[in-house]
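Here is the structure we will look at.
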Amino acid sequence: MIIDPISIALITLGGVLIGLGVHFIPVGGAPAAMAQATGVGTGTVQLAAGAGLTGLISAGFMYNFLATAPGGFGTSDFILVLASGAVGAMIMITVTMFIGQLVYVYCVGVPPVSAKVDKDPITGDRQDIYVSQGTEGHGVPTVSFVSGTIGGLFAGVGGSMVYVQLMQIGNAPADPAIVALAGIFATGVFYVNAVLASYNIGGTIEGFHDPKFKRVPKAIISCLIASLLCAIIAVPIMGGVS
Amino acid sequence: MSAVEGGPASGGLPPNTIIAIGVIGGLAGIYLTMLNQTFNTQIFSVMGGIGSIFAVVWGADAVRRVCSYGLGTGVPSIGMVALGMGVVAAIFGLIIPETGILPIPTILGPVISFIVAALIGLVIGVMSNKILKMNIPIMEKSMIEIAGAGSLVLMGLSASIAGSFAFNDAILPGVVSTGYIAIVFIGGAMTILHPFNANLGPDETQYRTLYVAIEKAALIMVIAGFASLTVIDAVSAAVTMLVGLLIFLVYFNKFMKSVHREAYKVVGTGLLPSAEELE
Numbered sequence: 053m054i055i056d057p058i059s060i061a062l063i064t065l066g067g068v069l070i071g072l073g074v075h076f077i078p079v080g081g082a083p084a085a086m087a088q089a090t091g092v093g094t095g096t097v098q099l100a101a102g103a104g105l106t107g108l109i110s111a112g113f114m115y116n117f118l119a120t121a122p123g124g125f126g127t128s129d130f131i132l133v134l135a136s137g138a139v140g141a142m143i144m145i146t147v148t149m150f151i152g153q154l155v156y157v158y159c160v161g162v163p164p165v166s167a168k169v170d171k172d173p174i175t176g177d178r179q180d181i182y183v184s185q186g187t188e189g190h191g192v193p194t195v196s197f198v199s200g201t202i203g204g205l206f207a208g209v210g211g212s213m214v215y216v217q218l219m220q221i222g223n224a225p226a227d228p229a230i231v232a233l234a235g236i237f238a239t240g241v242f243y244v245n246a247v248l249a250s251y252n253i254g255g256t257i258e259g260f261h262d263p264k265f266k267r268v269p270k271a272i273i274s275c276l277i278a279s280l281l282c283a284i285i286a287v288p289i290m291g292g293v294s
Numbered sequence: 402m403s404a405v406e407g408g409p410a411s412g413g414l415p416p417n418t419i420i421a422i423g424v425i426g427g428l429a430g431i432y433l434t435m436l437n438q439t440f441n442t443q444i445f446s447v448m449g450g451i452g453s454i455f456a457v458v459w460g461a462d463a464v465r466r467v468c469s470y471g472l473g474t475g476v477p478s479i480g481m482v483a484l485g486m487g488v489v490a491a492i493f494g495l496i497i498p499e500t501g502i503l504p505i506p507t508i509l510g511p512v513i514s515f516i517v518a519a520l521i522g523l524v525i526g527v528m529s530n531k532i533l534k535m536n537i538p539i540m541e542k543s544m545i546e547i548a549g550a551g552s553l554v555l556m557g558l559s560a561s562i563a564g565s566f567a568f569n570d571a572i573l574p575g576v577v578s579t580g581y582i583a584i585v586f587i588g589g590a591m592t593i594l595h596p597f598n599a600n601l602g603p604d605e606t607q608y609r610t611l612y613v614a615i616e617k618a619a620l621i622m623v624i625a626g627f628a629s630l631t632v633i634d635a636v637s638a639a640v641t642m643l644v645g646l647l648i649f650l651v652y653f654n655k656f657m658k659s660v661h662r663e664a665y666k667v668v669g670t671g672l673l674p675s676a677e678e679l680e
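Protein chains in written order, with this note's numbering: chain U, 53 to 294; chain B, 402 to 680.
Rendered as structure tokens:
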């Protein structure tokens with residue numbers, strides 16, 4: 053069967069999870085690089101790609117370990133690979149946010165604060181009085197940090213789901229050609245979804261407490277269509293090589 | 402990160418001329434690598450790199466036109482999505498004739514890739530405007546162009562590394578298995594996104610942006626030549642590197658001259674003063 057509906061559905065789901073995960077990550081863009089907006093001071097694509105590719109590497113390592121082991125690759129192994137990818141992406145994004153936070157607090161000298169809410173939804177701390185005049189918050193407040201970690205979870209699971217599914221169709225876990233092809237396809241699908249999601253949030257977002265987060269349904273529809281298209285193209289290729 | 406908010410880009414060569422240069426030059430470069438098989442050599446691999454330069458010029462110009470409207474997310478995003486769409490389409494187009502699922506001759510591979518890339522670009526462009534409400538009037542057209550250019554860049558550089566665009570015989574063992582596809586992916590995206598990202602601003606001009614595009618594409622061509630040392634023979638790799646280096650030097654000089662001409666003043670600041678000098 054060259055076009056497998058279950059694989060296509062899972063790759064599409066992976067793409068949608070990537071698009072959803074991007075919305076949780078506190079992206080500050082260029083304003084945040086000057087400590088004038090809440091979040092990490094770089095673009096969505098760079099942040100999502102950094103975390104996503106790390107997740108891909110940890111998922112790939114786990115997949116290679118489990119799939120080449122005796123006994124084959126079962127459902128519980130599938131979940132282990134997804135967990136591995138999620139943890140990889142979460143570690144990467146939390147480390148980025150933490151080091152960024154150190155720079156904001158000890159080098160720039162601003163308190164981590166959100167300008168979108170008056171009280172931090174998690175700690176309940178007052179936010180509005182700490183926002184410097186003329187800025188839209190700065191640093192990575194607790195709620196954004198938690199939100200970013202959730203984003204890493206979704207994006208990591210999504211990216212590894214795409215990768216594992218492509219590897220399963222290729223059906224040769226030790227063949228470098230299949231590994232490279234699945235890896236580059238997963239990267240391609242990852243970038244397409246991450247960029248669509250970043251177009252949806254228009255550059256900057258603080259996390260799930262940001263009013264822009266309500267735009268998520270539109271991104272999910274777009275990512276669904278784009279990932280479905282990529283999956284329909286990618287599945288016959290992986291089937292054709294093996 | 403920030404693009405200039407504003408209207409359509411103006412000046413320089415009209416878009417249709419650039420599109421023609423990109424499509425014809427890019428496809429011609431990829432197809433000219435077939436001379437390798439005709440003459441039983443690898444020396445014509447350089448044509449793939451030259452084809453990719455034409456495609457980069459087209460891609461960079463399309464990025465310039467769409468980003469003049471202001472995307473809100475920075476120019477790099479659109480370069481990465483170009484190669485994201487391009488890599489899926491390029492590999493699909495090159496592999497489909499070889500699997501024998503559809504009765505298509507292998508020679509049509511690059512053309513199929515190009516058409517598939519344009520289709521993906523169209524879908525993403527329509528979604529950006531209709532669902533995500535980006536409201537950029539040329540979004541659909543630009544996404545088609547950017548995806549098409551991305552797939553041509555990817556195929557051109559791959560063909561110049563592997564010496565042929567045949568997927569199972571050349572690109573799979575030479576570019577994909579070796580991992581050079583990652584260099585082609587990121588390097589190709591850089592060539593498309595960097596020229597406008599480096600030049601954007603109120604005094605941006607088309608020819609200066611395109612000088613950077615040619616110069617960056619030539620640099621990636623040198624890297625592709627270096628990568629092909631392990632895939633094809635050393636003489637052909639050296640030809641690709643030398644031609645790339647030559648184009649780089651010529652266009653880097655042109656770029657520097659235009660910067661010096663158009664800047665109000667170019668001054669050297671010297672090195673940072675040492676502790677003694679500050680006292």
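Even glycine gets a Cβ: it sits at the ideal position worked out from N, Cα and C.
| Item | Value |
| --- | --- |
| Contact list for Ser-250 of chain U against chain B, beta-carbon separation under 8 Å | Thr-474, Ser-478 |
| Three-state class that DSSP yields for Val-667 of chain B in the structure shown | coil |
| Neighbourhood of Gly-480 of chain B by C-beta distance below 6 Å, restricted to the same chain and skipping five residues each side | Ala-590, Ile-593, Leu-594 |
| Outcome for Glu-406 of chain B when other beta-carbon atoms lying within 10 angstroms are tallied against a minimum of 16 | The predicted model places Glu-406 of chain B with a pLDDT of 47, which falls under 50 and marks its position as unreliable; any figure quoted below should be read in that light. With fewer than 16 other Cβ atoms within 10 Å, it is exposed. |
| CB contact below 8 Å: Ala-78 of chain U versus chain B | Note on identity: in this sequence residue 78 of chain U is Pro, with Ala being the wrong assignment. Closer than 8 Å: no. |
| Where Val-517 of chain B meets chain U, residues with beta-carbon distance less than 8 Å | Ile-285 |
| Residues near Phe-627 of chain B by beta carbon distance below 8 Å, same chain, minus five either side | Ala-638, Met-642 |
| Proximal residues of chain A, C-beta to C-beta of Ile-60 of chain U below 8 Å | Among the chains of the structure shown, chain A does not appear; the protein chains present are U and B. |
| Three-state secondary structure assigned by DSSP to Val-92 of chain U | strand |
| Selection from B:Gln-443, B:Val-489, B:Leu-533, B:Glu-616 that minimises the alpha carbon distance to Leu-248 of chain U | B:Leu-533 |
| Alpha carbon of Thr-106 of chain U to alpha carbon of Ser-514 of chain B, nearest angstrom | 29 Å |
| Segment contact, 8 Å Cβ cut-off, at least three pairs: the stretch 455 to 465 of chain B with the stretch 602 to 618 of chain B | yes |
| Below-8 Å beta-carbon distance, Ser-366 of chain B vs any chain U residue | Summary: the structure shown does not reach residue 366 of chain B, with chain B confined to residues 402 through 680, and so no result is reported for it. |
| Three-state secondary structure (DSSP) of Ser-478 of chain B | helix |
| Identity of the residues DSSP links to Glu-678 of chain B by a beta bridge | Partner(s): none; Glu-678 of chain B has no beta bridge. |
| Whether Ala-87 of chain U touches Val-160 of chain U by CB criterion (8 Å) | yes |
| Inter-residue spacing [alpha-carbon to alpha-carbon] between Val-524 of chain B and Asn-417 of chain B | 21 Å |
| Pairwise C-alpha distance: Leu-679 of chain B and Ala-101 of chain U | 43 Å |
| Nearest to Asn-598 of chain B (by Cα), restricted to the options B:Ile-587, B:Thr-610, B:Ile-572, B:Gly-588 | B:Thr-610 |
| Per-residue contacts from Ala-583 of chain B into chain U (C-beta, under 9 Å) | Ala-232, Gly-235, Ile-236, Thr-239 |
| Presumed contact (8 Å Cβ cut-off) between Glu-663 of chain B and Asp-604 of chain B, rounded CB distance | 7 Å |
| Stretch-stretch touch, CB-based, cutoff 8 Å, three pairs: the stretch 228 to 237 of chain U with the stretch 572 to 585 of chain B | yes |
| contact_flag[the stretch 199 to 209 of chain U, the stretch 63 to 75 of chain U] where n(CB pairs < 8 Å) is 3 or more | yes |
| Through-space distance from Gln-179 of chain U to Tyr-115 of chain U, alpha-carbon basis | 43 Å |
| Any C-beta of chain B under 8 Å from that of Met-53 of chain U | Model confidence at Met-53 of chain U stands at a pLDDT of 48, short of 50, so the residue's coordinates are unreliable; what they give is reported in the following sentence. Chain B, which has no Cβ nearer than 8 Å to the Cβ of Met-53 of chain U, makes this no. |
| Beta carbon of Ala-429 of chain B nearer than 8 Å to that of Gly-452 of chain B | yes |
| Expected contact under 8 Å - CB spacing of Ile-572 of chain B and Ala-625 of chain B to nearest Å | That belief does not hold up - the Cβ atoms of Ile-572 of chain B and Ala-625 of chain B are roughly 13 Å apart, past 8 Å. |
| Interface flag, Tyr-243 of chain U vs chain B, CB-CB below 8 Å | yes |
| Contacting residues, own chain, Cβ-Cβ under 6 Å from Ser-59 of chain U (five flanking each side not counted) | Gln-217, Ile-221, Val-287 |
| Ile-502 of chain B at chain U interface by Cβ criterion, 8 Å | yes |
| Complete runs of the alpha helix (DSSP H) confined to the stretch 127 to 177 of chain U [at least 4 residues] | 127 to 154 |
| Coil, strand or helix - His-190 of chain U by DSSP | strand |
| Straight-line Cα distance separating Phe-568 of chain B from Asn-492 of chain B | Asn is not the amino acid found at residue 492 of chain B; the sequence shown has Ile there. So the alpha carbons of these two residues sit roughly 8 Å apart. |
| Residues that DSSP places opposite Val-79 of chain U in a beta bridge | U:Val-92, U:Ile-257 |
| Closest residue to Gly-426 of chain B among B:Thr-434, B:Met-435, B:Val-636, B:Ile-454 (Cα-Cα distance) | B:Ile-454 |
| Buried versus exposed, by CB contacts within 10 Å (16 or more), Tyr-158 of chain U | exposed |
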